[in-house]
Structures are given as C-alpha cells and as structure tokens.
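Shown next, in structure tokens, is the structure this report addresses.
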Amino acid sequence: MTTMMRAFETGATAVASTLASAAAPVEAAPVGQPAPQPAQPQPAPPHGRAIVITSGKGGVGKTTTTANLGTALAARGQRVVLVDADVGLRNLDIVLGLESRVRFHLLDVLEEKASLDEALVRDKRSDSLSLLAAAQTREKEDVVTAHMTALIEELRRRFDYVLIDCPAGIEKGFKNAVAGAQHAIIVCTPEVSAVRDADRVVGLLPNDWHPDLIVNRVRPQLVKKGKMLSVEDVNDILRLPLLGVIAEEPGVIVATNKGEPLALDPASGIGAAYRAIAAKLAGDEAPSAGSDPAVSGGGWFAKLGALLGGR
Amino acid sequence: MLEFLKKLFLPPERSSETAKERLRVVLLSDHLSLAPETVEALKRDLLEVISKYVEIDPAHADVTFEQREREVAMLANVPITGIRERPRPTAPRTEEPSPSPQLVAPTVDAPQAAADEPPAAALAPEEEAAVASAPQAQEKQPPPTRASYAGAPRRRRRKKTVALQGPAPG
Ligand SMILES: Nc1ncnc2c1ncn2[C@@H]1O[C@H](COP(=O)(O)OP(=O)(O)OP(=O)(O)O)[C@@H](O)[C@H]1O
Ligand SMILES: [Mg+2]
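Here's what the structure looks like:
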C-alpha cells in the first residue's frame, strides 16, 4: 500500500510538469513526457489502454456502460480509472454512488488546482477502481485538448484501463474525450437516429482505429415483432466488431437510483452481459463456463436468450 | 372500417424494415456528402466520358446527389455546346498520362462518314442516358439523368471489420 501511494505521488509530480510543458508556448515541448526527476525512479511507460465510450447521440447509455464496464474490469483484477469527460453535466459519480466523495475534478487537475491523487476517488466496492469526476459548473470549452491528452497518458502509466465517458455530440467535448484515447467503444441503440449518429462518430475517429460496438436497450420482444431494429440490422449498417448486446431492462434504472452498477449483481442478466464484455475486452474470449451465460451461446440470439433467461 | 379490415387481414407492419431501409438511404447520402474528393473524381471521369461523344461546357457542368424515398439519385446537368461528327475513339486507360483531361477545347475530329454507326459503348438509349441539357433548352429543364447508386461507398476502414456472428451453429 505504501509503495502504491509513493507511485501515485511520483505520478502527480509528473502530471504537473507535463501540463506545464503543454501550456508553454514552445511547440516542441514533449507533451506527455514528464520532465526528468533526479533521484526518482523513472516513471512507468504508459502501458494502460485508454478507451473512449462514445455515441454521438445523447442518452443511449454511455455513462451506464462506462460505469458497468469499469466495474466489471475492476472485478477481474484490472486497475481501472473512469474519467468523466462530460464537463458541465457530471453523471458518472452519481451512477457509481460516489458523488459524496468527490472533492476535486478533472479541470482542477488540468489547471493544477489539485493533484491527481487528490482528485482520484476510490470506489466503495473495489480497490482497483477509481474515478476522476467532471466539473459540474464549468464548460467543455474550458478544457485544453493538449492538457487532456497529457492527463490520459499519465493515467495510462498508473492504470491498466482508462475508460473515458464521452459527452454526447461531436463538438469540442467529444474531441477532448477522444484526444488521449487509443480505442473507442461505440454505444448505439436500435433506433434510426442513434445508428446514424454512431455512423457519423465512427467517421470522425482516427482512420486506423477499430472501434467496437455495444448495442444497448434492445427489446427482443419488439425485435421479434418487427417493431425494432435487430442487432443484426444495426450492424448491417455500421459493420463494426460487436462487443456485446445489452437488453432494455428496468433494473438499469433501479441500479442507477441506488448508485450500484449491475455488473456486480450476480443475478442480473445485464450484469452478466457487462462481465462478458469485460472478458472480451480483456482478450479473454472464453469466460469461465457458466459464470457468463451471456456469451456462452456464441451468437447474439443466444446472448439475448441468456439475458432474458438470466433475470 | 377499411383500417379495421386491414388490421385483420394484412400482416402486421414491420416498421423495423422501414427503419433499416431509411437508414440505408440516408447513410448513403451522408457518405456521399462526406466524400467530396470521391464526388469530384466521379464528376471528372463522367465529363471525360461524355466529352468523347458530345462537346460540352465543363465549367458549367454540375453533378449532384439527391436523396429520394428509396434511393440516392445522381443528377448530372451538363451543357452541350456541340455535336461530334464522330465520337472520339475510346483510348485505353493506360495511354492517358494526364490525370485531369482537357475537356474545354476538344479537337474536332475530321468529319467522316456521317452515317457511322454509333459506338456500342457507354451512353446507351438516348433519353435514358443523355446526361445533358442543351443551353437553348435551359428554360424547359429536361429531367436530368438519373443513376441510382447500387452500394454505399464504404469508408476504407470498414473493410477489415468483422460483422457479427449468426446464430450459433450448435
Ligand atoms: N439497458 C438499459 N435499460 C434501461 N434503461 C437504460 C439502459 N441503458 C441506459 N438506460 C437509462 O437511460 C438513461 C441514459 O443512460 P446514460 O446516462 O447511460 O446515457 P448517456 O449516453 O451517458 O447519456 P448522455 O448522452 O446524456 O451522457 C439513464 O436513465 C439510464 O438509466
Ligand atoms: Mg453520459
């Protein structure tokens, strides 16, 4: 634990100097490269994966997905930090039930009013999950993209996964959320507007990215009656690797009310689906038999069936 | 009453199919408007082909895309300034080193047998394929040529993506 804290302190110094160099007018300043620190061990290289959860359209489940996926990854023993990049509309803290613990936020860190250690909030349930909350009373335009990139790089030194909860839209907030990331998960619902926006967002991501897709709020009964686009329909259009399918379920809202992500609920089909997504993301394609019914069948029909049966 | 009978006897409407079809068309249109280089290249090639058969005014040519109910239509409006006595032979592509063909002043070929057969090539049945409105007829605005796009121009990066698996085989 002591060594952990020490590492954190080192990192905090590193990020401060990083941000200073990014703010300096000298173009050549190596953004994200901490200044040499005499008598300090070299900081770890940024090994973690920074993934932005984005959608274009609002309200499709980015925050829910970030909270649950982060929780599920942490439960697998990964060190995870969730970054709420939705500056001005802070949500992630309340979805995780951590709102009372937030003292400082993202912009405090970017503007060096607080150290990263002061601003990182440890999850109630898991020691390996942390949150960096968004500022509630600031605007997305206040975030300097280079600072954000440097911060994400610093977080990648400390954590295995940096999940960035992107704001809706394709403006500055989106660009800042994407800036430091290396990968994207597109959250989409089976609605024409959400699919169109998802397509647009994919077109705005760097060309060499291979974004994954999560289809959320699927209602199998409606799909069967032909009243809702199926996951297949959605992906006929988007053609992205399918990471997972999440059914529409009142349980999600109940979990949000309580601030307890479903990913920890062993009885929840949604939780199982998020755990399966975490397994897939971690490159563990074959989750231990029985524990993750949502992927056991392989196909998405099977997944949905498992979701329904898992309730 | 009619509505009631319809409800009774017609299969229930599958709005998901409507949704998918509408999405297909709107994304086609979105992608076309997002790919100006592609559209420019298409326009250049199109005018090049047309100018083999008729003299045109490329400066006032216009190629646009219009979203319809079930398709995206390409509308080409190309002023014709003169008729070629004999279509220029189709040169093999490799013999054309210039990427931007000179369309403005095509040399008129020596008038030959006026009864020459039209070439078996490109612009087939007149009213269907004529991509033109002669300048004099401008007021009347003949319906522009229409060519439906068969498939969406997929962005490069899409190629490698893997679609979802079907139902499990077992
Ligand atoms: N699978 C689901 N079943 C039922 N309700 C859901 C599901 N997923 C999300 N919701 C609900 O939808 C609402 C929006 O979800 P969420 O806040 O995660 O979306 P968002 O994409 O982050 O929105 P915003 O664009 O505003 O940031 C929330 O009330 C959430 O509880
Ligand atoms: Mg959100």
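If you're matching them up, the sequences are chains A and B in order. The first sequence begins at 0 in numbering that gives the first Met the number 0 and counts up by one. The second sequence begins at 0 in numbering that gives the first Met the number 0 and counts up by one. Just so it is clear, CB atoms sit at the ideal spot from N, CA and C, and this is done for glycine as well.
A residue is listed when its beta-carbon falls short of 5 Å from at least one non-hydrogen atom of ligand 2; in chain order these are A/Lys61, A/Thr62, A/Asn90.
Nearest CB-CB separation between A/Glu247 and chain B: not below the 9 Å threshold.
Of all residues in the stretch 172 to 204 of chain A, those with a C-beta nearer than 9 Å to a C-beta of chain B are Pro189, Glu190, Val191, Val194, Arg195, Asp198, Arg199, Val201, Gly202, Leu204, reading in chain order. By the criterion of at least three beta-carbon pairs nearer than 8 Å, the stretch 139 to 147 of chain A is in contact with the stretch 104 to 111 of chain A.
Taking non-hydrogen atoms of ligand 1 into account, the C-beta of A/Thr64 is found less than 8 Å away from one of them.
With the criterion set as a beta carbon lying under 9 Å from some beta carbon of chain B, the members of the stretch 215 to 226 of chain A are Leu221, Val222, Lys224, Gly225, Lys226, in sequence order.
Using a Cβ-Cβ cut-off of 8 Å, B/Asp29 is close to Arg195, Asp198, Arg199 of chain A, given in chain order.
Boundaries of the beta strand (DSSP E) around B/Asp61: 61 to 66.
Among the CB atoms of chain B, none fall inside 9 Å of the CB of A/Asp83.
In the three-state reduction of the DSSP assignment, B/Thr17 falls in the helix class. Contact between A/Leu128 and A/Gly69 holds: their C-beta atoms lie close to 6 Å from each other, under 8 Å. For A/Asp126 and A/Tyr160, the gap between their C-alpha atoms comes out near 14 Å. A Cβ-Cβ separation of about 6 Å places A/Leu91 in contact with A/Ala66 under the 8 Å criterion. In the DSSP assignment, B/Val48 falls within the alpha helix (DSSP H) that extends over 35 to 49.
Taking A/Val214 as the centre and dropping the five residues before and after it, the same chain places the C-beta of Cys187, Val230, Val233, Val244 closer than 6 Å to its C-beta, in chain order. Listed along chain B, the residues sitting closer than 8 Å to A/Ser229 by beta-carbon distance are Ser15. The residues Gly55, Lys56, in chain order, have a CB closer than 6 Å to that of A/Asp196 in the same chain once the five nearest residues on each side in sequence are set aside. The Cβ atoms of A/Asp207 and A/Ile184 lie no closer than 9 Å to each other. Spatial neighbours of A/Arg48 in its own chain (CB-CB distance under 6 Å, excluding positions within 5 residues in sequence) are listed in chain order as Tyr160.
For the C-beta of A/Asp283, not a single chain B residue is nearer than 8 Å; the gap to the nearest is close to 18 Å.
Chain-ordered listing is empty here: chain B has no CB closer than 8 Å to the CB of A/Ile52, the nearest sitting near 18 Å. Straight through space, the alpha carbons of A/Asp122 and A/Val94 are spaced by roughly 12 Å. Proximity of B/Leu9 to chain A, defined by a Cβ-Cβ separation below 9 Å, is not satisfied. Distance between A/Lys226 and B/Ala40, taken at the CA atoms: about 40 Å.
Note that the C-beta distance between A/Glu170 and A/Val217 is not below 9 Å. Counting along the chain, the unbroken alpha helix (DSSP H) around A/Glu153 starts and ends at 144 to 157. With a cut-off of 8 Å, the C-beta of A/Asp107 is classified as distant from ligand 1, since no heavy atom of the ligand falls inside that distance.
For A/Asp116, there are no C-beta contacts with chain B under 9 Å, since the nearest C-beta of that chain is about 38 Å from it.
Contact residues of the stretch 24 to 57 of chain B toward chain A are Val25, Leu26, Asp29, His30, Leu33 (C-beta to C-beta distance below 9 Å).
Taken through DSSP and simplified to helix, strand or coil, A/His104 comes out as coil.
Going by DSSP, A/Asp207 is part of no beta strand (DSSP E) at all; its letter is neither H nor E.
Pairing A/Leu228 with B/Ala18 gives a Cβ-Cβ distance under 9 Å. Residue state for A/Asp264 is assigned as coil, using DSSP reduced to three classes.
Placement of the Cβ of A/Pro219 at a distance of 8 Å or more from every heavy atom of ligand 1 is found.
Classified as buried, A/Glu152 has 16 or more neighbouring CB atoms from the shown chains inside 10 Å of its CB. Under DSSP, A/Tyr273 forms no beta bridge with any residue.
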